[in-house]
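Have a look at the structure below, then the notes.
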Amino acid sequence: MSLKKKDSWGSTIGVILAVTGSAVGLGNFLRFPGLAAKYDGGAFLIPYFLALLFLGLPIAWSEWAMGRMGGQHGFNSCPGIFRSLWKNRLAPYFGVLGLIVPVIIYMYYLWIESWCLGYAWKFLTGQMNLGTEPASYSTHFSTFVGITADGSFFAHGFSLPVLCLLACVVINFFFIYRGLSGGIERVCLWGMPLLILCALLVLARVLTLGTPDPAHPERNVLAALAYMWDIRGGFTGLLHSLQNAEMWMAAASQIFFSLSVGFGVIINYSSYLKKRDDIALSSTTAAAGNEFCEVSLGGLITIPAAFIFLGVAGTTGGTFGLGFQTLPLVFAHMPAGQLFGFLWFFLLFIAALTSSLSMLQPAIAFMEEGLDLDRRGSVTLIGFITLMGTGLVIWFTQDLAALDAMDFWIGSFSIFLLATIQTLIYGWVLGPRRGREELERGALLPIPRMFDFVIRYISPVYLLSVFGLWIHQKGAESLTAIQTNPSVRITLLFIISVMIFFLLLIARAVRVWHARESKSP
């Protein structure tokens, strides 16, 4: 069977930047530096790069190969692609994760994106001059997102946070409606270079700070870089750090978030490629671009800047605490801090935008190929569903309960599950030989032969081990939250409802595809 493709990429550089843009996000500039600082600096890089070699790159390569193979059969979404590769009647239903993972992540990611836009606007207009007391920035963040009580996000009517969210909705759906080449690709073609330019300007400012506070000569650039990257405690300290199972789990999780593997996005993006496009080189280039942004930019900006002005105490606080409370305080201490604060939050907004634009494309492609909807109808339906979810998130804002619940069950649990399913389909259903043939078709860059063994044996075991450890450490806490917090129960019920809705749509799509095949000569 061959279905007509609904869209296509305009250029090879366009798809590389689009995939890189989908991967480069807040995790690169906030989560990665925070994890590296937490887990003894340079010691964290060992499990991080091992996860890159044995999980990130192999799974990314497999997604590119499966995506293009599915695209040659006319499918652009996980349900259709899984069905074309695995002749099992349950195959398309496993693909539901490739639809709901990016759709539900989008529901809360859009809100976080609006925080970045709001903070960028406040720095640009001089409204972030809150002094040098940490409590002022903590209170400001709590008020901005309404963290103190459910519904408080709307307490001040059409305030700046609400207007920024509305602006992000308009910007996102304007470009999403325009499709791959006319929307997503065009944004990434100018957005990614602009992001890197802003990051380089902020990096140059951080690396030329010297010792800004004579009262604390120990807080200087070299000491900050040493704190970020040195292995603390020498060889003995390294051995002790490597025995920390939580660090290995965190490193593997970060690779998933960094490369967008297990999201359902790469497999969708690669399905629009031509048969002779070099997917081996494109996938490796996209991964390298992401690692440059994460290690070379994010790793040299965030924690060093916080260390120079606030010492070791300023390098803690988690992703949101570091990004929206600590760093605004850092810019308050920094010469020309208003300018560099704007550049920083503007680059975070661009990073979030290029990521969010990618998240709805898999579901839109499914609507087009499985339900015969046009682009307008698909975008309208998916937009309605996602905005319902965003409404849920921005209402249950107390302690960010809805956001955290979605992030755990979809942004973590379901990503690991989908990546495991994709790895097993590639390694044991499609087979490494057929997969390699697809990867090497039109390729200038050879894929190492050991990849066949890694993707079939090592990656699944690695995945299941990390997955099991992660559930052991985080599962009880999340189950307790379901029992004690009504907001979490409502959020989980919404997630289940969305999954059931998409499963019903997949059942209908399967009947449509079967009818088309029956009519084909």
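Take 0 as the starting number for the sequence shown in numbering that gives the first Met the number 0 and just add one per residue.
Ideal Cβ positions, reconstructed from N, Cα and C, are used throughout, including at glycine.
When the Cα atoms are used, Asp398 and Asn128 turn out to be separated by approximately 25 Å. Counted as a single uninterrupted DSSP element, the alpha helix (DSSP H) harbouring Ile254 occupies residues 244-258.
Residues Ser113, Trp114, Leu116, Gly117, Trp120 of the same chain have their beta carbon placed closer than 8 Å to that of Cys163, with the five preceding and five following residues left out of the count. Taking a cut-off of 8 Å for Cβ pairs, the stretch 130-137 and the stretch 358-377 do not touch, as fewer than three such pairs fall below it. Here Val511 is exposed, its C-beta having fewer than 16 other C-beta atoms within 10 Å.
In this structure, Val102 places its C-beta atom within 8 Å of the C-beta atom of Ile381.
According to the DSSP assignment, Arg204 belongs to the alpha helix (DSSP H) that extends over 184-206. With contact defined as three or more Cβ pairs closer than 8 Å, the stretch 205-218 and the stretch 376-393 are not in contact. DSSP, reduced to helix, strand and coil, places Gly474 within a helical segment of the structure shown. With fewer than 16 other CB atoms across the displayed protein chains lying within 10 angstroms of its CB, Gln472 is exposed.
Judged by DSSP in its simplified three-state form, Ile481 adopts helix. Going by DSSP, Phe365 is part of the alpha helix (DSSP H) stretching over 360-370.
The C-alpha of Leu342 is placed about 7 Å away from the C-alpha of Val201. In this structure, Ser413 is the residue among Leu44, Ile424, Ser413, Thr483 with its C-alpha nearest to the C-alpha of Ile470. Rounded to the nearest whole angstrom, the CA to CA distance from Trp228 to Glu217 is 16 Å. Of the candidates Phe415, Pro459, Leu468, Trp427, Phe415 places its Cα closest to the Cα of Gly97.
Counting only residues of its own chain and dropping the five nearest sequence neighbours on each side, Glu368 has a CB closer than 8 Å to the CB of Leu2, Lys5, Gly73, Phe74, Asn75, Ser76, Gly79, Ala508. In the DSSP assignment, Ala287 falls within the unbroken alpha helix (DSSP H) covering 278-290. In the structure shown, Ile230 adopts extended strand secondary structure according to DSSP, grouped into three states. Apart from the 5 residues on each side of it in sequence, Trp408 sits with its Cβ closer than 8 Å to the Cβ of Ser477, Leu491, Ile494 in its chain, given in chain order. According to DSSP, Gly40 shares a beta bridge with Ile230.
Thr284 places its beta carbon 8 Å or farther from that of Ile457. Around Ser282, the same chain offers Ala59, Trp60, Trp63 as residues with beta carbons nearer than 6 Å, after the five sequence neighbours per side are excluded. One thing to note: Thr353 has its Cβ within 8 Å of the Cβ of Cys187. Under the 8 Å Cβ criterion, the stretch 137-145 does not count as touching the stretch 166-185, having fewer than three qualifying pairs. Excluding residues up to 5 positions away in sequence, Thr419, Thr422, Leu423, Gly426 lie with their Cβ nearer than 8 Å to the Cβ of Pro459 in the same chain. The stretch 21-30 and the stretch 317-335 touch, with no fewer than 3 CB-CB distances between them shorter than 8 Å. In the DSSP assignment, Met333 falls outside any alpha helix (DSSP H) and carries neither an H nor an E. In this structure, Phe152 sits away from Thr483, with a CB-CB distance that is not shorter than 8 Å. Scanning the stretch 109-146 for uninterrupted alpha helix (DSSP H) segments of 4 residues or longer gives 133-144, listed from N- to C-terminal end.
The closest CA to that of Val95, considering only Lys518, Leu504, Ala249, is found on Leu504.
In this chain, Ile446 is not harboured by any alpha helix (DSSP H), its DSSP state being neither H nor E. A straight-line Cα-Cα distance of about 44 Å links Gly9 and His155.
Here DSSP, grouped into helix, strand and coil, assigns Gly316 to coil.
A direct Cα-to-Cα measurement between Thr124 and Phe344 gives close to 13 Å. Here DSSP, grouped into helix, strand and coil, assigns Phe344 to helix.
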